[in-house]
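Student:
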Amino acid sequence: PVRTVSFSPCGAYLASASYDHGVDIASVATGERLHKAETNCGINQIAWQPKLGGTKSLVAFAKDAKNSDSRRATETDQYLQILSVPTASLASLAEESSS
1 PVRTVSFSPC
11 GAYLASASYD
21 HGVDIASVAT
31 GERLHKAETN
41 CGINQIAWQP
51 KLGGTKSLVA
61 FAKDAKNSDS
71 RRATETDQYL
81 QILSVPTASL
91 ASLAEESSS
């Protein structure tokens, strides 16, 4: 089951996550899944952040505290790139951004 959802700042994308070890990013207009970012842990929180000076956005997600892997996905014009980030920084960013 879906644990958390978040709309992109422009409203065109919806990110959803659950304990199934993945984050889905879909088009709001069509409902089509654009990407599934695989993780090796359940996701508790997800939040978008617009990047300064451009049209791209960053989506950050916080892992289940029982696991040690966290990741963030960055949206680009042509693809979704997955980047590793420090665990503490990501958990803090996701919780503060969603409030």
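Heads up: the sequence shown at position 23 corresponds to 23 in UniProt numbering, and the numbers run straight through without jumps. We treat Cβ as the ideally placed atom computed from N, Cα and C, and that holds for glycine. These numbers were taken from a predicted model, which means no experiment stands behind them.
Are there 16 or more other CB atoms within 10 angstroms of the CB of Tyr-19, so buried, or fewer, so exposed?
Tutor: Counting from 1 along the sequence shown, the entry for residue 19 is found at position 19. Tyr-19 is exposed by the Cβ-count criterion.
Student: If you draw a straight line from the alpha carbon of Arg-4 to that of Ala-47, how long is it in whole angstroms?
Tutor: Numbered from its first residue, the sequence shown carries residue 4 at position 4. Numbered from its first residue, the sequence shown carries residue 47 at position 47. The identity of residue 4 in the sequence shown is Thr, whereas the question assumes Arg. Approximately 9 Å between the Cα atoms of the pair.
Student: Taking the alpha-carbon of Glu-38 as reference, which of Gly-22, Val-2, Glu-32, Ala-29 has the nearest alpha-carbon?
Tutor: Locating residue 38 in the sequence shown gives position 38, counting from the first residue. The option with the nearest alpha carbon to Glu-38 is Gly-22.
Student: If I follow the unbroken beta strand (DSSP E) through Thr-4, where does it start and stop?
Tutor: Taking the first residue of the sequence shown as position 1, residue 4 is located at position 4. Run containing Thr-4: 2 to 7, per the beta strand (DSSP E) assignment.
Student: Using a C-beta cutoff of 9 Å, does Ala-26 count as contacting chain B?
Tutor: No chain B appears in the structure shown, which is made up of a single protein chain.
Student: Quick check: what's the CA-CA separation for Ala-15 versus Ile-25?
Tutor: Looking up residue 15 in the sequence shown gives position 15. Looking up residue 25 in the sequence shown gives position 25. So the two alpha carbons sit approximately 4 Å from each other.
Student: Distance check for Thr-30 and Gln-45, CA to CA, integer angstroms please.
Tutor: Numbered from its first residue, the sequence shown carries residue 45 at position 45. Numbered from its first residue, the sequence shown carries residue 30 at position 30. Between Gln-45 and Thr-30, the C-alpha separation is close to 24 Å.
Student: Can you have a look at Ser-6 and say buried or exposed, based on whether 16 or more other CB atoms are within 10 angstroms of its CB?
Tutor: Counted from its first residue, the sequence shown places residue 6 at position 6. Ser-6 is buried by the Cβ-count criterion.
Student: How far does the beta strand (DSSP E) with Asp-24 in it reach, from first residue to last?
Tutor: Here the question's residue 24 lines up with position 24 in the sequence shown. 22 to 27 is the span of the beta strand (DSSP E), which, as asked, contains Asp-24.
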